[in-house]
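J.: Please read through the structure below; I'll follow up with questions.
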Amino acid sequence: MRTLGAAFSACLLLLATAFAPITQSYTVDSTVPEAGGCPQPDRWNLSLAMPLNRQWSTAIPSSGAILTLAPTGSAAQLDEIEQVITDSFGVWSGVSGTILNAAANPGAIAPLERTGIADACSNDSGTNIDGLNTICFNQPSAGFTFGVLAFTRVISANAPGVSVGSSGPAAFTGQILDADTLVRNDGQEVFATRQALSTPQGVGAFDLESILTHELGHWLGLDHSAVIRAIMFPFSPPPGQFLGNRPTPQAPDGPLADDDRTGVRSLYPDASDAVNVGTIGGRIIPANPFALAALPSPAPGQFVTGIFGSHVVAVDADTGSVIAGTLGGWSCSTANPPTAQFDGSFLIQRLPVGRNYLIYAEPLIGIATAPNFGVALSDLCGAGAACRMPAVDTNFNVRTLPALP
Ligand SMILES: [Zn+2]
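Whatever position you read off the sequence shown (first residue = 1), add 731 for my numbering.
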């Protein structure tokens, strides 16, 4: 029996202190093929008839961890929670220029189902990896370490043909087969719907929609972003606050930052999109190559020839807006089999054309640091013995020419 890709966990953390402003990025998770080779981006196979099934467990905590305007235990309460889930999906399917877009591809995301099973998400013992993509509010997990409000387990195939539960066989390496989100329930934190957030009881509650929208970004294959305004920033907005703009029928993707949109476009590009088709790539290398860190041993034939793990950002030169960023540092080698090589390369795709961009690289020494990107970074080598991932390089300064506006 074939093994699966590792059970990747990605989470949203609670930040106890106020944030200071830093800049932005989109980063994707990936999977190294079982037979060796370069990491392949994790993404759904949207060529299937019903590619992205989804359900949520109506087993909600009785302790009041989920705050609604509707009375606890009522059918209306379930409807109110379900609306939050629907709206959170709608944020991502509202992005233009992707085949997830509800208008362009209405069948991409299947109808939202309910299950009464509390333990419906893939649990710590590795069971319930069932190919059913589920949101759970009342399931314990050792993954809820200090400060973790919610997390998402994403299971991807490390070879074509791999399947889990009812997922059906994967067509390609990196195909996501199962995604489950668990929301914390330890009697401490309260999560509120948008209606309940503005009530006196909602003071001190976290906005459930912000948190689910972030977690659903993980469902789609996105990792964290170092952009403080991005929904994929690893830390939650403070209690009582919604990140960005609430979705509206006119702007369903309102809560996202351009960085989030660029990320989802890069994973699920719409071939008919003629606007977001620009690509900027290059390498980040230090002035003094002797400043580069060595690889951990043994790494036969592998060298670090560029800065690994820098945050590379594309800024619209005319507006000053951050459009996208990425985690720079690697490319695919021409070795046989190919593997990740750590040459400082970066590639930012799906940029709007007809604009001027400034590119800069910065070390991950802000609020979002290397551990917040641990999954994306460790994905690069997989379980293969030949590949060794270097430590994230923060030993450089940002210089921009011309000066940023
Ligand atoms: Zn997260």
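Where is the CB? At the ideal position from N, CA and C, for every residue including glycine.
Is I959 closer than 8 Å to F868 when the C-beta atoms are compared?
T.: For the purposes of this step, residue 868 is taken as residue 137 along the sequence shown, with counting starting at 1. For the purposes of this step, residue 959 is taken as residue 228 along the sequence shown, with counting starting at 1. No, the pair does not count as a contact, with Cβ atoms beyond the cut-off.
J.: Between which two residues does the alpha helix (DSSP H) harbouring F909 extend?
T.: For the purposes of this step, residue 909 is taken as the residue at position 178 of the sequence shown. The question names Phe, yet the displayed sequence has Asp at residue 909. Unbroken run through D909 is the beta strand (DSSP E), I907 to V914; no alpha helix (DSSP H).
J.: May I ask which residues mark the beginning and end of the alpha helix (DSSP H) holding E813?
T.: Position 82 of the sequence shown, counted from the first residue, corresponds to residue 813. That run of the alpha helix (DSSP H) goes A806 to W823.
J.: Grouping DSSP H, G and I as helix and E and B as strand, with all else coil, what is W950?
T.: On the sequence shown, residue 950 is found 219 positions in, with the first residue counted as 1. Correct three-state label for W950: helix.
J.: For the 8 Å Cβ check, are there 3 or more pairs between the region 1110 to 1123 and the region 1016 to 1031?
T.: Enough Cβ pairs lie closer than 8 Å, so yes.
J.: Give the straight-line distance between the Cα atoms of F1127 and G1060, rounded to the nearest whole angstrom.
T.: Translated into positions along the sequence shown, residue 1127 becomes position 396. Translated into positions along the sequence shown, residue 1060 becomes position 329. F1127 and G1060: Cα-Cα distance of roughly 14 Å.
J.: DSSP puts D917 in a beta bridge; with which residues?
T.: The residue labelled residue 917 in the question sits at position 186 within the sequence shown. For D917, which the question treats as bridged, DSSP gives no partner whatsoever.
J.: Beta carbon of H1042: closer than 7 Å to some heavy atom of ligand 1?
T.: As a working note, residue 1042 is residue 311 in the sequence shown. Incorrect: H1042 has no Cβ contact closer than 7 Å to ligand 1.
J.: Can you round the beta-carbon distance between Q919 and L843 to whole angstroms, since I take them to be within the 8 Å contact cut?
T.: Locating residue 919 in the sequence shown gives position 188, counting from the first residue. Locating residue 843 in the sequence shown gives position 112, counting from the first residue. Wrong, their Cβ atoms sit about 28 Å apart, outside the cutoff.
J.: Using a threshold of 7 Å, is the CB atom of P965 nearer than that to any non-hydrogen atom of ligand 2?
T.: Of the ligands one can find in the structure shown, namely ligand 1, none is ligand 2.
J.: Count Cβ pairs between the region 852 to 868 and the region 895 to 912 that sit closer than 8 Å; are there 3 or more?
T.: Enough Cβ pairs lie closer than 8 Å, so yes.
J.: So T758 and D1004 are in contact, right, with Cβ under 8 Å, and what is the actual spacing, rounded?
T.: By 1-based counting over the sequence shown, the position of residue 758 is 27. By 1-based counting over the sequence shown, the position of residue 1004 is 273. In fact, because the Cβ distance is near 21 Å, the residues do not count as touching under 8 Å.
J.: Is it buried or exposed for V763, if we count other Cβ within 10 angstroms and need 16 for buried?
T.: What you label residue 763 is simply residue 32 of the sequence shown in a count that begins at 1. Burial call: buried.
J.: Following the continuous alpha helix (DSSP H) through V885, name the residue where it begins and the one where it ends.
T.: On the sequence shown, residue 885 is found 154 positions in, with the first residue counted as 1. Per DSSP, V885 belongs to no alpha helix (DSSP H); it is in the beta strand (DSSP E), V879 to S887.
J.: Grouping DSSP H, G and I as helix and E and B as strand, with all else coil, what is T829?
T.: Your numbering for residue 829 matches position 98 in the sequence shown. Note: T829 maps to strand in three-state DSSP.
J.: Taking DSSP as the reference, what is the three-state secondary structure of H955?
T.: For this step, residue 955 is matched to residue 224 along the sequence shown. If DSSP states are grouped into helix, strand and coil, H955 belongs with coil.
J.: Count the other CB atoms, across all protein chains shown, that sit within 10 Å of the CB of T803; report buried if there are 16 or more and exposed otherwise.
T.: Working through the sequence shown from its first residue, we reach residue 803 at position 72. When all chains shown are included, T803 counts as exposed.
J.: Nearest to L798 by alpha carbon, out of V1053, P1102, F1034 and G933?
T.: Here residue 798 refers to the residue found at position 67 of the sequence shown. Closest option to L798, Cα to Cα, is G933.
J.: If you draw a straight line from the alpha carbon of C1118 to that of A1018, how long is it in whole angstroms?
T.: For the purposes of this step, residue 1118 is identified with residue 387 of the sequence shown, where counting begins at 1. For the purposes of this step, residue 1018 is identified with residue 287 of the sequence shown, where counting begins at 1. Roughly 26 Å separates the two Cα atoms.
J.: Going by beta carbon distance, what residues of the same chain come within less than 7 Å of S1109, once the five residues before and after it are set aside?
T.: Taking the first residue of the sequence shown as position 1, residue 1109 is located at position 378. Counting only Cβ-Cβ distances below 7 Å, and skipping sequence neighbours, we find M1120.
J.: Does DSSP classify G1085 as helix, strand or coil?
T.: For the purposes of this step, residue 1085 is taken as residue 354 along the sequence shown, with counting starting at 1. Three-state DSSP puts G1085 in coil, outside helix and strand.
J.: For F877, does the count of other Cβ atoms within 10 angstroms reach 16, so buried, or fall short, so exposed?
T.: What you label residue 877 is simply residue 146 of the sequence shown in a count that begins at 1. So F877 counts as exposed.
J.: Assign M781 to one of two classes, buried (16 or more other C-beta atoms within 10 Å of its C-beta) or exposed (fewer than that).
T.: Residue mapping note: residue 781 aligns to position 50 of the sequence shown, counting from 1. With fewer than 16 Cβ atoms within 10 Å of its Cβ, M781 is classed as exposed.
J.: Which residue's Cα is closest to the Cα of C1112: L1082, P1069 and N1103?
T.: As a first step, residue 1112 must be located in the sequence shown, where it is residue number 381. When only C-alpha atoms are compared, the closest one is P1069.
J.: Measure the C-alpha to C-alpha separation of S756 and W775 and round it to an integer number of angstroms.
T.: For the purposes of this step, residue 756 is taken as residue 25 along the sequence shown, with counting starting at 1. For the purposes of this step, residue 775 is taken as residue 44 along the sequence shown, with counting starting at 1. Note that S756 scores 34 on pLDDT, short of 50, meaning its location in the model is unreliable and no value can be drawn from it.
J.: Let me check one thing: in DSSP terms, what residues is S1062 bridge-paired to?
T.: Locating residue 1062 in the sequence shown gives position 331, counting from the first residue. According to DSSP, S1062 bridges with Q1072.
J.: Taking the straight line between their C-alpha atoms, what separation do you get for A927 and S805?
T.: Within the sequence shown, numbered from 1, the residue matching residue 927 stands at position 196. Within the sequence shown, numbered from 1, the residue matching residue 805 stands at position 74. One C-alpha to the other measures close to 15 Å.
J.: Do you know how far the Cα of S997 is from the Cα of N864?
T.: Locating residue 864 in the sequence shown gives position 133, where the first residue counts as 1. Locating residue 997 in the sequence shown gives position 266, where the first residue counts as 1. Going by the C-alpha atoms only, they are around 22 Å apart.
J.: Starting from T993 and walking both ways along the beta strand (DSSP E), at which residues does that stretch end?
T.: In the sequence shown, residue 993 corresponds to position 262, counting from 1. Not the beta strand (DSSP E): T993 falls in the alpha helix (DSSP H), residues D989 to L998.
J.: Please say whether I830 and L779 have beta carbons closer to each other than 8 Å?
T.: Here residue 779 corresponds to residue number 48 of the sequence shown, with the count starting at 1. Here residue 830 corresponds to residue number 99 of the sequence shown, with the count starting at 1. No, these two residues do not count as a Cβ contact at 8 Å.
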